[in-house]
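In my numbering, the protein residues as written are 5 to 278.
C-beta: ideal position from N, C-alpha, C; glycine also.
Working notes for the structure below.
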Ligand SMILES: O=C(O)CCC(=O)C(=O)O
């Protein structure tokens, strides 16, 4: 899916691009069945919250091993629609995933992600340059009520802001201090809500300020994330590195697969189960 000059210019200017209907209904159904299969799995990389203990985040879907491995999610991360677009925007043919996850923002209980830049945490992982971008795919209708993502357009061009560790939710997050955020937002265009039906996708720069609110609705809000880095920018050694599910050590360049690989992975899984 070659990006148009207008899309490339918009990414440079705003720090994100939205792709309505990027993932087809049949693919969404298959990916959703994978989320349902993985939700009860006990894994180091699954963060739970609330009285129901629903997952807030489930990591490491893209590898071929481990309790949360998912062939359809692995396939999606390697399609031309996703990997191809990431290669174009990062200007590099050799990419790997720093991590992958599904954020399950459960109805009523699913909590906030405060304003942050992803590179705030990833720099601490030993990554030297902000040559990274994240692909988000909505697996539910994303609405303002159920805690959709918000992007602050153009904020990736401000560089990195000193972060603090917000521990107010089960997912400890390096976040932008509230006073700094108030100052920044006063100088910025209004945040953009990333809403849309299941299958809506977006890619965003690792220094883009983004956040999402509590899920006040009676509907879950499931979204998948693939965080791309260039192989040349893989992390340097740091003392006490974070676990592999969030700071991958698999730096092998990802290979493109056919665009129908998600459905093929589903068919293969069904055949193996018979
Ligand atoms: O899923 C969300 O609402 C926000 C996720 C996010 O910003 C993150 O995982 O860094």
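Out of curiosity, what's the CA-to-CA distance linking residue 182 and residue 277? So the two alpha carbons sit approximately 50 Å from each other.
Measuring only from the beta carbon, is residue 254 closer than 7 Å to any heavy atom that is part of ligand 1? Between ligand 1 and the CB of residue 254, the shortest heavy atom gap is not smaller than 7 Å.
Length at least 4, wholly inside the region 121–166: the alpha helix (DSSP H) runs in chain order: 122–128
Per-residue DSSP class, three states only, for residue 29: helix
For residue 109, the residue or residues it bridges with in DSSP: 225
Taking the alpha-carbon of residue 47 as reference, which of 30, 53 and 70 has the nearest alpha-carbon? Of the candidates 30, 53 and 70, the one whose C-alpha sits nearest the C-alpha of residue 47 is 70.
Find the nearest neighbour of residue 103 within the set 218, 210 and 262, judged by alpha-carbon distance. The candidate whose alpha carbon is nearest that of residue 103 is 210.
Verify whether the separation of the beta carbon atoms of residue 173 and residue 221 is less than 8 Å. no
If you drop the 5 nearest sequence neighbours on each side, which residues of the same chain put their C-beta closer than 6 Å to that of residue 50? 59 and 62
Under a three-way DSSP split, which group does residue 233 fall into? Three-state result, residue 233: strand.
Residues near residue 273 by beta carbon distance below 7 Å, same chain, minus five either side: Excluding positions up to five away in sequence, the list reads 75.
From what residue to what residue does the beta strand (DSSP E) around residue 191 run? From DSSP, residue 191 is part of no beta strand (DSSP E); its letter is neither H nor E.
Going by other Cβ atoms of all chains shown within 10 Å of its Cβ, with 16 needed for buried, is residue 244 buried or exposed? exposed
Are the region 197–214 and the region 135–142 in contact at 8 Å, needing three or more beta carbon pairs? yes
Using 10 angstroms around the beta-carbon of residue 259, count the other beta-carbons present and answer buried if the total reaches 16, otherwise exposed. exposed
Integer-rounded CB distance, given that residue 232 should sit under 8 Å from residue 340: Residue 340 falls outside the range modelled here, since the chain spans only 5 to 278, and no answer is possible.
How big is the Cα-Cα spacing for residue 157 and residue 189? One C-alpha to the other measures close to 10 Å.
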